[in-house]
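Student:
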Amino acid sequence: MKVNVYPDYETLSQNVADEIIRCVRNKPDAVLCLAAGDTPRLTYETLTARATKEGIDFSHCTFVGLDEWVGVPLDNEGSCSWFLQRHIFTPLSLSRSQIHLFDAMASDLENECNKMNEIISGKGGIDLMLVGIGMNGHIGFNEPGALIDSYAHVIDLDNTTRTVGQKYFRQQMSLTRGITLGLKHLMEARQVILIASGERKAEIIKHTLRGPVTTKVPATVVRNHPNSMIMLDEAAARWVKGLTRG
Ligand code: F6R
326 MKVNVYPDYE TLSQNVADEI IRCVRNKPDA VLCLAAGDTP RLTYETLTAR
376 ATKEGIDFSH CTFVGLDEWV GVPLDNEGSC SWFLQRHIFT PLSLSRSQIH
426 LFDAMASDLE NECNKMNEII SGKGGIDLML VGIGMNGHIG FNEPGALIDS
476 YAHVIDLDNT TRTVGQKYFR QQMSLTRGIT LGLKHLMEAR QVILIASGER
526 KAEIIKHTLR GPVTTKVPAT VVRNHPNSMI MLDEAAARWV KGLTRG
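According to our numbering, the sequence shown is numbered sequentially starting from 326.
(1) Pick helix, strand or coil for V547, following the three-state DSSP scheme.
(2) What first and last residue would you give for the beta strand (DSSP E) that runs through I520?
(3) Just how far apart, CA to CA, sit P365 and M498?
(4) For a test of the three-state rule: what should DSSP assign to S446, helix, strand or coil?
(5) With a threshold of 9 Å between beta carbons, is S446 in contact with chain D?
(6) Taking 8 Å as the cut-off, is the beta-carbon of I458 closer than that to any non-hydrogen atom of ligand 1?
(7) Among all the DSSP beta bridges, which residues are the ones paired with D481?
(8) Would you be able to state if there are at least three C-beta pairs under 8 Å between the stretch 453 to 460 and the stretch 402 to 412?
(9) For the stretch 326 to 344 against the stretch 362 to 376, are there 3 or more C-beta pairs whose distance is under 8 Å?
(10) Relative to the C-alpha of S446, which residue among G403, L357, T415, N467 is closest?
(11) Please classify L419: does DSSP put it in a helix, a strand, or coil?
(12) Cα separation between H510 and H550?
(13) Cβ of H463 versus every heavy atom of ligand 1: is any distance shorter than 8 Å?
(14) CB of P353 to nearest heavy atom of ligand 1: below 8 Å?
(15) Under the DSSP definition of a beta bridge, which residues are partnered with Y331?
(16) State whether the stretch 501 to 509 contacts the stretch 375 to 387, with contact taken as three or more CB pairs (one from each stretch) at a distance under 8 Å.
(17) Taking only runs of the alpha helix (DSSP H) that begin and end inside the stretch 339 to 392, which ones reach a length of at least 4 residues, in chain order?
(18) Could you check how far apart the C-beta atoms of F466 and G403 are, in whole angstroms? I think they sit under 8 Å.
(19) Specify, as a first and last residue, the run of the alpha helix (DSSP H) that M454 falls within.
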C-alpha cells in the first residue's frame with residue numbers, strides 16, 4: 326500500500342485522473358470500476374476533459390458498477406448509476422455494451438449479483454477499482470462488519486450510510502438496503518485506489534491508516550492489498566502524522 330498526500334482537492338483529483346489514464350493507456354481494454362459520490366466528481370471532470378483533449382480512447386474499456394441504493398431507479402438523480410452516466414459515461418460517449426450496472430429495482434436482486442459476478446469473472450477481473458470511503462469506513466456498500474470473502478451482495482445499510490446518503494437526493498428517501506460488489510472483488514482487483522478529501526474524512530482516515538486491519542472498518546483491508554494506493558488531500562490527512570507529501 327502506498328499513501329500519497331496532495332496539497333488540495335484539485336491536485337488530488339488531477340493525480341487520480343492520471344492514474345486512471347495510465348491504466349487505460351497500458352491496457353486499452355481495461356475493466357474499470359469507479360465509485361460514485363462527491364469525492365471523485367472533479368477526478369471525472371478532469372478525466373473526461375483530458376480524454377477529449379488528448380484523444381484518450383476508452384472505447385475498448387468495460388465499466389462495472391460498484392454499488393447502488395436498492396429501490397432507487399437508475400434515472401433518479403441521486404442514484405449511483407445516474408451519477409456515473411452523467412459524469413463519465415455520457416462525456417466519454419461510451420456505448421451501452423461497455424457498461425454493466427446493478428439494476429437496484431430488479432425483483433430478483435440475487436440474480437443481479439450473480440450476473441455482475443459472472444460479468445467480472447468473464448472479463449478476467451477488475452483492472453482498476455477506484456473507491457471512496459464512507460464516514461463509517463465503508464467501501465462501496467461494504468458496511469462495518471462486511472465479509473472479507475464476499476462477492477456481489479445485498480446488504481442492510483448502516484445508520485450512518487442511511488443518514489449521510491440523503492445528501493445525494495433532492496427529496497427525503499428511504500435508504501435501507503444497498504447492492505454492492507464485495508471485498509473479495511476489491512482484494513482481487515489488479516489495482517485499488519482509495520480517495521478521500523476534506524476534513525470531515527480526517528477521523529476515519531486516521532482509523533483506516535493507523536487502526537487495526539479489520540472489517541469493522543472495511544477501508545482498512547485496502548492496506549492488505551498488494552497494489553493499492555490511498556490518495557488524500559491535506560485536509561483528509563490532517564490527523565495522520567508522518568505521511569510523505571506528493
Ligand atoms: C459510491 C460509494 C460510496 C462512496 C462513499 C463516499 O459509489 O461506493 O462508498 O464512495 O460513501 O462518498 P462521498 O465521496 O460522497 O463522500
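No residue lacks a Cβ here, since even glycine has one placed at the ideal position from N, Cα and C.
Given the structure is predicted, the values throughout are model-derived calculations rather than measurements.
Tutor: Looking at the atomic coordinates:
(1) Position 222 of the sequence shown, counted from the start, is the residue given in the question as residue 547. Helix.
(2) Position 195 of the sequence shown, counting from 1, holds the residue named residue 520. Taken as a continuous stretch (DSSP letters only), the beta strand (DSSP E) holding I520 covers 516 to 521.
(3) Here residue 365 corresponds to residue number 40 of the sequence shown, with the count starting at 1. Here residue 498 corresponds to residue number 173 of the sequence shown, with the count starting at 1. C-alpha separation (whole angstroms): 23 Å.
(4) Residue 446 sits at position 121 when you count from the first residue of the sequence shown. If DSSP states are grouped into helix, strand and coil, S446 belongs with the helices.
(5) In the displayed structure, chain D is absent; only one protein chain is listed.
(6) By one-based count along the sequence shown, residue 458 stands at place 133. Because some heavy atom of ligand 1 lies under 8 Å away, the Cβ of I458 counts as near it: yes.
(7) To locate residue 481, count along the sequence shown from 1; it is residue 156. Under the DSSP definition of a beta bridge, D481 partners with R502.
(8) Segments in contact, no.
(9) yes
(10) Numbered from its first residue, the sequence shown carries residue 446 at position 121. Ranking the options by Cα distance to S446, first place goes to L357.
(11) Translated into positions along the sequence shown, residue 419 becomes position 94. Coil.
(12) Your numbering for residue 510 matches position 185 in the sequence shown. Your numbering for residue 550 matches position 225 in the sequence shown. C-alpha separation (whole angstroms): 11 Å.
(13) Looking up residue 463 in the sequence shown gives position 138. Set against 8 Å, the gap from the CB of H463 to the closest heavy atom of ligand 1 is smaller.
(14) One-based indexing of the sequence shown puts residue 353 at position 28. Remark: the shortest separation between the CB of P353 and any heavy atom of ligand 1 does not fall under 8 Å.
(15) Counted from its first residue, the sequence shown places residue 331 at position 6. Answer by DSSP bridge pairing, in chain order: D558.
(16) no
(17) Under the rule that a run must span 4 or more residues, the alpha helix (DSSP H) segments found entirely inside the stretch 339 to 392 read 366 to 379.
(18) Against the sequence shown, residue 466 aligns to sequence position 141. Against the sequence shown, residue 403 aligns to sequence position 78. Rounded, the Cβ-Cβ distance is 14 Å, inconsistent with contact.
(19) To locate residue 454, count along the sequence shown from 1; it is residue 129. It is not in any alpha helix (DSSP H) - M454 instead sits in the beta strand (DSSP E) that spans 453 to 456.
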